[in-house]
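Reviewing the structure listed below.
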Amino acid sequence: MKLYPEMFVSPWHLIVVFFALIAGVGLMIGKYDRKTVLRSTGLSALVFYFIVTIPVGLITQDSLYKQETMQTKLDQRFEELKEKSSLSSVQDHIIVYVGAYGGKEDTDILVYAGNYHSSETFTGDIKVTVYDMNEEEVFTETYEQVTLAPGEKRKLDSTYTSQPMNTYQFQYEAQP
550 MKLYPEMFVS PWHLIVVFFA LIAGVGLMIG KYDRKTVLRS TGLSALVFYF IVTIPVGLIT
610 QDSLYKQETM QTKLDQRFEE LKEKSSLSSV QDHIIVYVGA YGGKEDTDIL VYAGNYHSSE
670 TFTGDIKVTV YDMNEEEVFT ETYEQVTLAP GEKRKLDSTY TSQPMNTYQF QYEAQP
């Protein structure tokens, strides 16, 4: 498990402050002494922090792991393509990677694209077709008017399928 800073400090952690204030005000209304109010409010804030951090951490870790993995796969695919051929046009520098994450019941399919050209911005259409392990088409999607600045990598789409995706293939074409 990789730890990300977003797991420990997020907008969701404002809930901790809210509940700690409620606990502190409740103790003051109950006319507890100052030491008890501070100690109990601090302990309740700590407990609330752990209660909020666990689900936020699990959700954040999963999405950031997928994002990091997809960007790494884009980089690897570009390096493979660069070794195999000469890259002459802007379209040759556009790399698309499709990743399938999930289990037996449903699969999360992520589509990422990256522009590996050093100075040219890509604006055009990207058509992606995904096939399952039986080489049957799962979906075809055309992303129109995609703009990718030089060096930019980003998610184009996220979709779910109930088809088994132990292995998959995809093809894409970038058009100016």
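Each residue of the sequence shown is one higher than the one before, counting from 550 in the working numbering. Glycine residues also receive a C-beta, built at the ideal position from the N, C-alpha and C atoms.
query                                                                                                                        : result
Aspartate 674 versus threonine 691 - alpha carbon distance                                                                   : 7 Å
Burial state of leucine 595, where buried means 16 or more other Cβ atoms lie within 10 Å                                    : exposed
Where the beta strand (DSSP E) through valine 695 begins and ends                                                            : 686 to 697
Lysine 615 - DSSP class collapsed to helix/strand/coil                                                                       : helix
The segment 620 to 628 touching the segment 601 to 612, judged by at least three CB pairs closer than 8 Å                    : no
For glycine 700, the three-state DSSP class (helix, strand or coil)                                                          : coil
Under the three-state DSSP convention, the category valine 586 falls into                                                    : helix
At least three beta-carbon pairs within less than 8 Å, the segment 626 to 642 to the segment 675 to 695                      : no
Neighbourhood of glycine 591 by C-beta distance below 7 Å, restricted to the same chain and skipping five residues each side : none
Assigned exposure category for tyrosine 665 - 16 Cβ within 10 Å defines buried                                               : buried
Supposed close pair isoleucine 644, phenylalanine 671 - CB separation, criterion 8 Å                                         : Their Cβ separation, rounded to whole angstroms, is 11 Å, which puts isoleucine 644 and phenylalanine 671 out of contact at 8 Å.
Of the residues Val566, Ala662, Trp561 and Lys580, the one placed nearest histidine 642, counting alpha carbons only         : Ala662
For serine 707, three-class secondary structure by DSSP                                                                      : strand
Proline 554 to leucine 570 span [Cα, whole Å]                                                                                : 24 Å
Alpha-carbon spacing of threonine 696 relative to leucine 576, whole angstroms                                               : 55 Å
DSSP three-state assignment for valine 639, whether helix, strand or coil                                                    : coil
Spatial distance of valine 586 from tyrosine 614 (CA atoms)                                                                  : 40 Å
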